[in-house]
Amino acid sequence: MSAFKDGLLAGKTAFVAGGTSGINLGIAKRFAELGARVAVAGRDPDKARRAAESIGPDALGLSADVRDYAAIRAAMEQVTEAFGAMDIVVSGAAGNFLAPAAAMSANAFKTVVDIDLNGTFNVFRGCYDLLNKPGASLIAITAGQAVNAMPLQIHACAAKAGVNQVVRVLAMEWGPEVRVNGISPGPIEDTEGMARLAPDPTTRARHHERIPMRRWGRIAEVAEAAVFLCSPSAEYVTGTILDCDGGSQLGDATRRDVGKGLA
Ligand code: NAP
Ligand code: COA
5 MSAFKDGLLA
15 GKTAFVAGGT
25 SGINLGIAKR
35 FAELGARVAV
45 AGRDPDKARR
55 AAESIGPDAL
65 GLSADVRDYA
75 AIRAAMEQVT
85 EAFGAMDIVV
95 SGAAGNFLAP
105 AAAMSANAFK
115 TVVDIDLNGT
125 FNVFRGCYDL
135 LNKPGASLIA
145 ITAGQAVNAM
155 PLQIHACAAK
165 AGVNQVVRVL
175 AMEWGPEVRV
185 NGISPGPIED
195 TEGMARLAPD
205 PTTRARHHER
215 IPMRRWGRIA
225 EVAEAAVFLC
235 SPSAEYVTGT
245 ILDCDGGSQL
255 GDATRRDVGK
265 GLA
């Protein structure tokens, strides 16, 4: 369900790094539905082309690795050449896998930090002088790992904690011209992230029970949160991390039924 009116983002230009699949593609599609000109970028050029086609005839699909500052900067310059200065930039590229710290190579740890954290710096640093200011809105896609320690997730926990701090520091440095926020999705159904982090039915069932809302999140729900953050409804909101996670961040709700009926 959406509270946003048609044409809300008409005249706006949005760039979504990591927007060629999953949650970020859902965000890009919603921006386009509401009237924005949209560009998405990922490493795989064919996937980027297909993603752009799925968004609409005017969307741009670009190939760039967020670990490569020059490449991501060049992609954003292409966007501004085609559409004009950018109003909305989403940094959503991420890599993840389950691995115990004691068996993780230094390169495995570095790879995830490079994509999630250094990639977010590259995307936000690279876009700064290409933004339509004042009024631009930046959104980082973070995760619960940023604040909750999780076994087998040392790389993602470290990287996403850094992402949250990038959001806060930039909100301070770039206000009042640019607002910078994050979205922390919970477990979102039908995504690569879910497939990797909850790979078997037992893990999924256990995880499902712990969520206060007792259901998986939907890509469309994260997209609505993104629209809110870059809309006029959020014009005094900056430096915040919006949990869109069914309450997952609160902790384990498994015991909610204990004692029911005793009152
Ligand atoms: P996904 O479908 O795997 O999306 C990842 C995107 O990033 C793809 O477009 C991928 O395209 C791109 N990408 C990966 N490495 C890249 C790189 N080095 N440079 C540029 N692009 C790169 O993942 P998802 O599950 O939807 O997750 C999206 C975001 O939500 C991530 O930030 C993730 O941490 C966060 N999140 C997800 C969940 C969840 O339940 N899924 C929960 C919490 C947070 P290429 O492979 O072509 O590069
Ligand atoms: N367990 C332990 N280590 C792993 C691993 C796993 N499942 N997968 C990769 N690695 C290690 C590799 O062995 C390598 O380390 P090494 O050189 O010491 O052997 C290092 O990580 C880099 O792997 P590589 O495959 O070269 O990286 P890449 O840059 O091609 O891909 C990944 C990045 C590994 C994060 C890959 O999973 C990816 O592209 N993910 C994007 C999609 C995604 O994760 N979506 C979910 C988002 S929540």
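The working numbering applies: residue 5 is where the sequence shown begins, and numbers increase by one. Backbone N, C-alpha and C define an ideal beta-carbon position, used for all residues, glycine too.
Along the alpha helix (DSSP H) that carries ASN28, what are the first and last residues, could you check? Reading the sequence shown from its first residue, position 24 is the one you call residue 28. Note, ASN28: alpha helix (DSSP H), 26-37.
Helix, strand or coil, according to DSSP, for LEU121 in the structure here? Here residue 121 refers to the residue found at position 117 when the sequence shown is read from its first residue. The answer is helix: DSSP assigns LEU121 an H, G or I state.
Just checking ILE223 against ligand 2 - is the residue's beta carbon closer than 8 Å to any of the ligand's heavy atoms? Start at 1 with the first residue of the sequence shown, and residue 223 comes out as number 219. Answer for ILE223: no, Cβ out of range of ligand 2.
Please confirm whether any heavy atom of ligand 2 lies closer than 8 Å to the CB of GLU193. Position 189 of the sequence shown, counted from the first residue, corresponds to residue 193. No.
Helix, strand or coil: how does DSSP classify LEU12 here? Along the sequence shown, one-based indexing puts residue 12 at 8. Reduced to three states, the DSSP call for LEU12 is coil.
My parser needs the beta strand (DSSP E) runs of 3 or more residues fully inside the segment 54-131; what are they? 64-67 and 92-95
I need the boundaries of the beta strand (DSSP E) containing LYS144, first residue and last residue. Within the sequence shown, residue 144 is the residue found at index 140, counting from 1. Note on residue identity: the sequence assigns Ala, not Lys, to residue 144. Run containing ALA144: 140-145, per the beta strand (DSSP E) assignment.
My assumption, with CB atoms under 8 Å, is that PRO119 sits in contact with ALA98. Please give the rounded CB distance. Along the sequence shown, one-based indexing puts residue 119 at 115. Along the sequence shown, one-based indexing puts residue 98 at 94. The amino acid at residue 119 is misidentified as Pro; the sequence shows Ile. Indeed they touch by this definition, with Cβ atoms about 6 Å apart.
What does ASN136 pair with, by DSSP beta-bridge criteria? To locate residue 136, count along the sequence shown from 1; it is residue 132. In the DSSP output, where bridge partners are listed per residue, ASN136 has none listed.
So what's VAL241 in DSSP terms, helix, strand or just coil? Numbered from 1 along the sequence shown, position 237 holds the residue referred to as residue 241. Of the three classes helix, strand and coil, the one that applies to VAL241 here is coil, per DSSP.
Under 5 Å, CB to nearest heavy atom of ligand 2: contacting residues: ALA98, GLY99, ASN100, PHE101, ALA103, SER109, ASN111, ALA112, THR115, GLU196 and GLY197
Residues bridged to ARG183 by DSSP? Counting from 1 along the sequence shown, the entry for residue 183 is found at position 179. ARG183 is bridged to SER141.
By Cβ distance, which residues of its chain are closer than 8 Å to SER25, with the 5 residues on each side in sequence left out? In the sequence shown, the residue the question calls residue 25 occupies position 21. Closer than 8 Å at the Cβ level, and outside the excluded window around SER25, lie GLY46, LYS51, ALA55 and GLU196.
Decide if GLN286 is buried, meaning its Cβ has at least 16 other Cβ atoms within 10 Å, or exposed. In this structure the chain extends from 5 to 267, so residue 286 is not present and cannot be described.
Since ASP247 sits in a beta bridge, which residues does DSSP pair it with? Along the sequence shown, read from residue 1 onward, the residue named residue 247 stands at position 243. ASP247 pairs with SER188.
Using DSSP bridges, identify the partner residues of ALA229. On the sequence shown, position 225 is the one that residue 229 refers to. None, per the DSSP bridge assignment.
Using the rule of at least 16 other Cβ atoms within 10 Å of the residue's Cβ for burial, across every protein chain shown, is THR146 buried or exposed? Locating residue 146 in the sequence shown gives position 142, counting from the first residue. With 16 or more other Cβ atoms within 10 Å, it is buried.
DSSP on VAL173, reduced to helix/strand/coil? Locating residue 173 in the sequence shown gives position 169, counting from the first residue. DSSP places VAL173 in the helix class (H, G or I) of the three-state scheme.
Contact between the segment 164-183 and the segment 214-226 (3+ Cβ pairs under 8 Å): no
Check whether LEU246 and ALA229 have beta carbons under 9 Å apart: Taking the first residue of the sequence shown as 1, we reach residue 246 at position 242. Taking the first residue of the sequence shown as 1, we reach residue 229 at position 225. Yes, the Cβ-Cβ distance between LEU246 and ALA229 is below 9 Å.
Neighbourhood of PRO49 by C-beta, 7 Å cutoff - its chain only, sequence neighbours within 5 removed: Position 45 of the sequence shown, counted from the first residue, corresponds to residue 49. SER67, listed in sequence order.
Assuming the contact rule is C-beta atoms closer than 8 Å, PHE113 and ILE158 should be a hit. Round their C-beta distance to whole Å, please. As a working note, residue 113 is residue 109 in the sequence shown. As a working note, residue 158 is residue 154 in the sequence shown. Sure, about 7 Å apart at Cβ, within 8 Å.
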